[in-house]
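Student:
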Amino acid sequence: MFEKKTKLIATIGPRSESIEVMRELIKSGVNVIRLNMSHGDFKEQEDRIKTVRKLEKELNMKIS
130 MFEKKTKLIA TIGPRSESIE VMRELIKSGV NVIRLNMSHG DFKEQEDRIK
180 TVRKLEKELN MKIS
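If you use the numbering used here, the sequence shown corresponds to residues 130 to 193, in order.
1) Going by DSSP, what residues sit across from Thr140 in a beta bridge?
2) Report the option in Val181, Leu137, Val161, Met190 whose CA atom is closest to the CA atom of Ser147.
3) Go to Asp176, then tell me how far its alpha helix (DSSP H) extends in each direction, as first and last residue.
4) Once DSSP output is grouped into helix, strand and coil, what is the label at Glu132?
5) Just verifying my parser: in three-state terms, what is the DSSP assignment at Ser145?
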């Protein structure tokens, strides 16, 4: 009916990077994931992005 316009943002870092935690954040209404670039190298950031994209498909939701 109406598209939700309010955005709920979560910053992902070492304590919240597991797929289980991200899944619960998204199920709780988070629709924007922000990466804390001061934690981890580019490979670790890439892995976090891949996890978000995997959950996006799994939960059939658009995550920014």
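For glycine and all other residues, C-beta sits at the position ideal for the given N, C-alpha and C.
Tutor: Taking the structure as given:
1) Mapped onto the sequence shown, residue 140 falls at position 11. Bridge pairing for Thr140: Arg163 [DSSP].
2) Position 18 of the sequence shown, counted from the start, is the residue given in the question as residue 147. Residue Val181 is the option with its Cα nearest to Ser147.
3) Sequence index remark: in the sequence shown, residue 176 carries index 47 (1-based). Segment 171 to 188, the alpha helix (DSSP H) holding Asp176.
4) Numbered from 1 along the sequence shown, position 3 holds the residue referred to as residue 132. Three-state DSSP puts Glu132 in coil, outside helix and strand.
5) Position 16 of the sequence shown, counted from the first residue, corresponds to residue 145. Helix, per DSSP.
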